[in-house]
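**Q** One structure follows; several queries about it will come next.
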């Protein structure tokens, strides 16, 4: 069907478009087309009067197709389609011509050419629109269950909110206990609450909530399906301990002779090969580190044929002897569990760059630690009971240099962004240190103090006034060891002098990056991430909690580094987003999916090979490709690889695309 | 101490010349100070390297023409490898020197150099290359 | 005996005879004859940093072109320099013209008989050559391990900076340490190993160099070193000779002998004659400290 009555609505976007593109001229030129009934402009087409203009025009001119020339379709395609639907036009007869991101913004300096390009973009879009089919959304069922990945404060909050609203929620954490980074902190800025006090109740709520299924020491193995209907495989890692029997008494840890660096203490202390992550762990269960356990290592060597088995000789097994619950079985109890959920929240958190990455700042010395490591040395529950001691010799440091911006704001050696939380936690650490060691001296070397939160600036001021922290403006150049001391080579850019001083210990605020393994997880979820592993939101300002994959949300520092206040707010926000989705009886899915013409299809199977969603099968009887509409996301990979154009995405058919290219390139 | 900004520093001809000779965009400096804290010569300078960049960003080239700093820089490149935004500060210092040397200025008079008998040739060659036109 | 091209540079022909002879002798032990590049010219000591600078590049490109011709005769495209300044300049010139082919065209205007530079010359510092040869293999040639000698490895600037010519990690290099360990020496963690000695200021501002020397040598003492090992004749001169100024200004300053790492190689290889080591060229004599191995 060839449409004769098309309306074209050109948006000024304030001066974003109209400041470069001559929108009046564009409207005039487009208005000359025979198939266009109306071409007009408006200052903000996405505003209510703008949408009203479209609705009224559809009725007035009996339009059967609409092109809105404005910003990227990711922003307002839905808005415009809804407006059309209200006026009785099938929403798939609305197309967006992107003349902002693809025209006015990049061609700011060439207004005339930009105007010409805008006309071409609109003409091309009209050509596509003319061959658009009217479509109805596809309805899919919803599983009213949710999955939360990551058991830090974000994951805990999101899981509790979902569970409280009556949604059965699965919480997966890769460490033996939930709690994440927050649980490791000494105290939190600016209120100086202790995480053990404020987070423990929430952790226990998770453990006892009837709607929460908790899998710790577990990882996501595989994710398939689509919004409302995800299938998730969860790998429960081998603990070698029967958790149904383990009472968390900790006797095993006392007798175990094998040591490893404690992950919980960021290497600032040792733990045993069999260990409970911390005294308040949830769940309070023991796991065996197979790489450190003497018996498991022996068994492994026997399996590999490296040593001969010894009959009737027990290898270690000291833990077994003291375990009254008889929970330790040494059996590889790794297990894959399958769960079905309707929504997923990713709350995988962050980590910091290791100190060793900065040799010029002495990162390879034992008493030069990252700020997260120093949290453990300040934590009352930590290895030094809250009074910091030097890792090298256990002495209480009497002078500490706190160095800001290590790897942050440093595209040449680290990351280009500001890690946001370092200023505040270093202020907090210096304050707590001065509190713990009253005759200690604290020096903070900073570039800018970024204290933009409720009560933050006051907290900073208090560290100077009440706790005597000395702030010196300038990035440190070098830290090196001379005798028992660490020499800091710095600068005071405010008075224009170089500064040299000897300290007992150095704390580096190393840059925050996304937590390890996030890229692999993101690939399984098919959600995008940036160079440093931060998960990408749909829109930084307006849709910060959603990923481009419908039904998958993000919360907390998985998206970008942020403080606990923002993390918790986001977690509740993401939970609310998931609830809104799961509360619908049915979900609507875009009908822009791949369709097969069985007359042409030769059943070669190339489309099946390239489909990232596993949505295509080859019908063995008819020998043609068949698309599972529920799984198809309409990405078009099949169509691009089809040798015969038998499989094509609705409203993105080859002739439509070729037509657009012809118009854009002016090949006629 | 007062300095009145009269023109856009980007349009200052001396700033532009220094940027052209050095090939560096001096406006990308964000004053972290790492050049100064890393510089082994900083303690002998009258204007710290980060201050040199601030003066340039304010279009105030004049103090740099009388400063000791560009002549104290030993082109050791420590600042260059540590600058977070990848500025080649050594090249900027060279540009400030060049601006004067290109007017046939001798910072060092080769005829007055002492210890000629013991100085290694590379000491004199490098010194004269940096300090004479 | 295998042959390999060698660029000695001006200073090795005079005040740094100790560097030249110990380098040649140590290479000989490893089965390599260092063949002096015919008609070499001065490297210029410092590289031009101005965008429009060609005068600092031309002599080095001439040297590279000569090496290009000589390499055909020798059958090895490696050009070895041991003076840090020479290495730095030759390497930078090579990288510069390979990145900027237009610059090569401009340089051509100033040359007449030279052929085109094709870019095949592999400029290496002697340390890189030794690493490629294999530190483990070098162990086999050590006759007198320097057991008990505490050495502070000193790279200075030009082996590591700017980044594109660095022979190892710019902030945390280990190549010299690794070699010294093979020779049996005890390497101290010398945190100022990549800090500038004051360089050419030794000509007109020697007081500054005296202060640098004071700091560099004092810290070497603090970390327990007996000697500082370097590869740069200018670093050597400054750290050695300017101890006189350091001592005059800081009465509690203690002297420390400075050596070339090649001298330590020669000693470990058992080549300890005066015509190799030339200890007479040292202001602070290392004889006493090195006596157990001489």
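Protein chains in written order, with the numbering used here: chain L, 427 to 1094; chain F, 17 to 149; chain A, 266 to 559.
Note that beta-carbon positions come from the ideal geometry of N, C-alpha and C, so glycine has one too.
Computed from a predicted structure; not experimentally measured.
#1: Please report the distance separating the alpha-carbon of residue 1040/L from that of residue 1059/L.
#2: I believe residue 781/L touches residue 794/L by the beta-carbon criterion, under 8 Å. Please report the beta-carbon distance rounded to the nearest angstrom.
#3: For the segment 37-52 of chain F, enumerate the residues whose C-beta is nearer than 8 Å to any C-beta of chain A, in chain order.
#4: Name the chain L residues whose beta carbon is nearer than 7 Å to that of residue 120/F?
#5: What beta strand (DSSP E) runs, 3 residues minimum, are completely inside the segment 788-818 of chain L?
#6: So residue 908/L contacts chain A; which residues on that side make the cut at Cβ distance below 8 Å?
#7: Within 8 Å, do at least three Cβ pairs link the segment 909-927 of chain L to the segment 49-60 of chain F?
#8: Round the Cβ separation of residue 362/A and residue 390/A to the nearest angstrom and send it over; I've been treating them as touching at under 8 Å.
#9: Between which two residues does the alpha helix (DSSP H) harbouring residue 335/A extend?
#10: Looking at residue 1004/L and residue 586/L, is the spacing between their C-beta atoms short of 8 Å?
#11: Is there a Cβ from chain L that is less than 8 Å from the Cβ of residue 436/A?
#12: By how many angstroms is the C-alpha of residue 613/L removed from the C-alpha of residue 633/L?
#13: Between the segment 87-106 of chain F and chain A, which residues of the former have CB atoms less than 9 Å from a CB of the latter, in chain order?
#14: Using the Cα positions of residue 30/F and residue 47/F, report the straight-line distance between them to the nearest angstrom.
#15: Grab me the residues of residue 1085/L's own chain with a C-beta within less than 6 Å of its C-beta, minus the 5 sequence neighbours each way, in chain order.
#16: Taking the C-alpha atoms as reference points, what is the distance between residue 1063/L and residue 1047/L?
#17: Should residue 758/L go down as buried or exposed, given a rule of 16 or more other Cβ atoms within 10 Å for buried?
#18: Residues of chain A with CB closer than 7 Å to the CB of residue 786/L, please, in chain order.
#19: Nearest-angstrom Cα distance between residue 430/A and residue 378/A?
#20: With H, G and I counted as helix, E and B as strand and the rest as coil, what does DSSP make of residue 615/L?
#21: Quick one: list the residues of chain A neighbouring residue 146/F, beta-carbon separation under 7 Å, in chain order.
#22: Distance check for residue 605/L and residue 720/L, CA to CA, integer angstroms please.
#23: Flag residue 31/F as yes if its beta-carbon sits less than 8 Å from any beta-carbon of chain A, otherwise no.
#24: With a threshold of 16 other CB atoms inside 10 Å of the CB of residue 881/L, please say whether the residue is buried or exposed.
#25: Under 8 Å: do the segment 721-736 of chain L and the segment 829-836 of chain L share three or more Cβ pairs, one atom per stretch?
#26: Can you pull the chain F neighbours of residue 427/A, defined as C-beta to C-beta under 9 Å?
#27: Can you tell me which of the three DSSP states residue 857/L falls into?
#28: Would you kindly report the start and end of the unbroken beta strand (DSSP E) that includes residue 14/F?
#29: Among the residues of its own chain, which have a CB less than 7 Å from the CB of residue 505/A, if the five just before and after it don't count?
#30: If you check the beta carbons only, do residue 283/A and residue 529/A fall under 8 Å apart?
#31: If we ignore side chains and look at the alpha-carbon of each, how far apart do residue 821/L and residue 866/L end up?
#32: Identify, in the order they occur along the chain, each residue of the same chain with its Cβ nearer than 7 Å to the Cβ of residue 773/L, setting aside the five sequence neighbours on each side.
#33: Would residue 568/L and residue 1008/L qualify as a contact pair, given that the criterion is a beta-carbon distance under 8 Å?
#34: Under a three-way DSSP split, which group does residue 89/F fall into?
#35: How many Å lie between residue 1001/L and residue 564/L at the Cα?
#36: Using 8 Å as the threshold, is the C-beta distance between residue 1018/L and residue 1054/L below it?
**A** The structure says:
#1: 10 Å
#2: 6 Å
#3: 37, 38 and 39
#4: Here the premise fails: no neighbours, minimum Cβ distance about 32 Å.
#5: 794-796
#6: 456, 484, 487 and 488
#7: yes
#8: Not really, about 19 Å apart at Cβ, beyond 8 Å.
#9: 320-339
#10: no
#11: yes
#12: 23 Å
#13: 87, 88, 90, 91, 92, 93, 94, 96, 97, 98, 104 and 106
#14: 21 Å
#15: 553
#16: 24 Å
#17: exposed
#18: 436
#19: 29 Å
#20: coil
#21: 311 and 465
#22: 29 Å
#23: no
#24: exposed
#25: no
#26: 93, 96, 97, 104 and 106
#27: helix
#28: What is shown of chain F runs 17 to 149, which leaves residue 14/F out entirely.
#29: 523, 547, 548 and 549
#30: no
#31: 12 Å
#32: 574, 575, 576, 578, 580, 581, 584, 981, 982, 984 and 997
#33: yes
#34: coil
#35: 25 Å
#36: no
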